[in-house]
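Trainee:
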Amino acid sequence: MPQGKPESVPDDGLTTRQRRNRPLLIVHTGPGKGKSTAAFGMALRAWNQGWPVGVFQFVKSAKWRIGEERALRVLGESGEGGPVAWHKMGEGWSWIQRPGTEEDHAADAREGWAQIKRDLAAESHRFYVLDEFTYPLKWGWLDLDDVVETLTARPGSQHVVVTGRDAPDRLIEAADLVTEMGKVRHPMDAGQKGQRGIEW
21 MPQGKPESVP
31 DDGLTTRQRR
41 NRPLLIVHTG
51 PGKGKSTAAF
61 GMALRAWNQG
71 WPVGVFQFVK
81 SAKWRIGEER
91 ALRVLGESGE
101 GGPVAWHKMG
111 EGWSWIQRPG
121 TEEDHAADAR
131 EGWAQIKRDL
141 AAESHRFYVL
151 DEFTYPLKWG
161 WLDLDDVVET
171 LTARPGSQHV
181 VVTGRDAPDR
191 LIEAADLVTE
201 MGKVRHPMDA
211 GQKGQRGIEW
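The opening residue of the sequence shown carries number 21 in the working numbering; numbering runs sequentially from there.
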């Protein structure tokens, strides 16, 4: 897009302002690092616009103290920008499945999705981060048809960002903006675990 101008403009009857302010369904997927980080960067922009922000984390443990949560909570309570609601779905999960606990995690994911549906219907937030949401879809814990239909038919001007590896094709096809994070090199390839200030 040279100089921020679209290469073509559809004949859809919308004004430039209406087209510019269309609510977006965004997907950050792929094997590379940065999917959640980019989504939280967008959440900061939304907060700065005064928009209510809702974060729903699906696989990170409720016990983890991640930097984005602390920063956005402090900002949300600052009286400047928009309010921030942060939800951790159950006890968290890992993209490496652990035996013996799958049904509990599936139930937590279903409960989390039910809350998102209620919030979308009530237009509770203007900007949503559904962090690591591709995993409950990949594992079959949530009905993909229901998810795609709900996200594409959401009312008002609610933006939604979904993060996680292996986003289903139907979700990608329904999205307005899809970014695939590629991996060229990662410290884990050399046996290094995640570190403070980089991963959390």
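All residues carry an ideal CB built from backbone N, CA and C; glycine is no exception.
Just so you know, these numbers come straight off a predicted model, no measurement behind them.
Alpha carbon to alpha carbon, what distance is there between A66 and F153?
Mentor: Here residue 153 corresponds to residue number 133 of the sequence shown, with the count starting at 1. Here residue 66 corresponds to residue number 46 of the sequence shown, with the count starting at 1. Taking the straight line from one Cα to the other gives about 20 Å.
Trainee: Output needed for G52: all residues of its chain with C-beta closer than 6 Å, excluding positions within five of it in sequence on either side, in chain order.
Mentor: As a working note, residue 52 is residue 32 in the sequence shown. Same-chain partners within the cutoff: M201, G202 and K203.
Trainee: Tell me, please, whether the region 166-177 touches the region 37-55 by the rule of three or more beta-carbon pairs shorter than 8 Å.
Mentor: Output reads yes: the region 37-55 touches the region 166-177.
Trainee: Locate the beta strand (DSSP E) running through V73, then write down its first and last residues.
Mentor: The residue labelled residue 73 in the question sits at position 53 within the sequence shown. Looking at the DSSP string, the run of the beta strand (DSSP E) that includes V73 is V73 to Q77.
Trainee: On the three-state DSSP scale, how would you describe H145?
Mentor: Residue 145 sits at position 125 when you count from the first residue of the sequence shown. Three-state DSSP puts H145 in coil, outside helix and strand.
Trainee: In whole angstroms, what is the alpha-carbon distance linking P156 and R190?
Mentor: The residue labelled residue 156 in the question sits at position 136 within the sequence shown. The residue labelled residue 190 in the question sits at position 170 within the sequence shown. Taking the straight line from one Cα to the other gives about 15 Å.
Trainee: Please state the DSSP three-state secondary structure of A59.
Mentor: Reading the sequence shown from its first residue, position 39 is the one you call residue 59. It is helical.
Trainee: Helix, strand or coil for V204? Go by DSSP, reduced to three states.
Mentor: For this step, residue 204 is matched to residue 184 along the sequence shown. Note: V204 maps to coil in three-state DSSP.
Trainee: Could you give the DSSP three-state label for D151: helix, strand or coil?
Mentor: The count along the sequence shown starts at 1 and reaches residue 151 at position 131. DSSP places D151 in strand when its eight states are reduced to three.
Trainee: So, with DSSP's three-state summary, where would you put A66?
Mentor: In the sequence shown, residue 66 corresponds to position 46, counting from 1. It is helical.
Trainee: For a quick check, are the C-beta atoms of D104 and V198 less than 7 Å apart?
Mentor: For this step, residue 104 is matched to residue 84 along the sequence shown. For this step, residue 198 is matched to residue 178 along the sequence shown. Note that residue 104 is Val in the sequence shown here, rather than Asp. No, they are not a contact pair.
Trainee: Quick one: any contact between the region 56-66 and the region 24-38, if contact means 3 or more CB pairs under 8 Å?
Mentor: No, the region 56-66 does not touch the region 24-38.
Trainee: Just to confirm before moving on: does the CB-CB distance between Q77 and K108 stay below 7 Å?
Mentor: For the purposes of this step, residue 77 is taken as the residue at position 57 of the sequence shown. For the purposes of this step, residue 108 is taken as the residue at position 88 of the sequence shown. Yes; because the gap between Cβ atoms is below 7 Å, this pair is in contact.
Trainee: Name the two residues that bound the continuous beta strand (DSSP E) containing T183.
Mentor: For the purposes of this step, residue 183 is taken as residue 163 along the sequence shown, with counting starting at 1. Looking at the DSSP string, the run of the beta strand (DSSP E) that includes T183 is H179 to T183.
Trainee: What three-state label does DSSP hand D189 in the structure shown?
Mentor: Counting from one through the sequence shown, the residue named residue 189 turns up at place 169. Here D189 sits in helix by DSSP.
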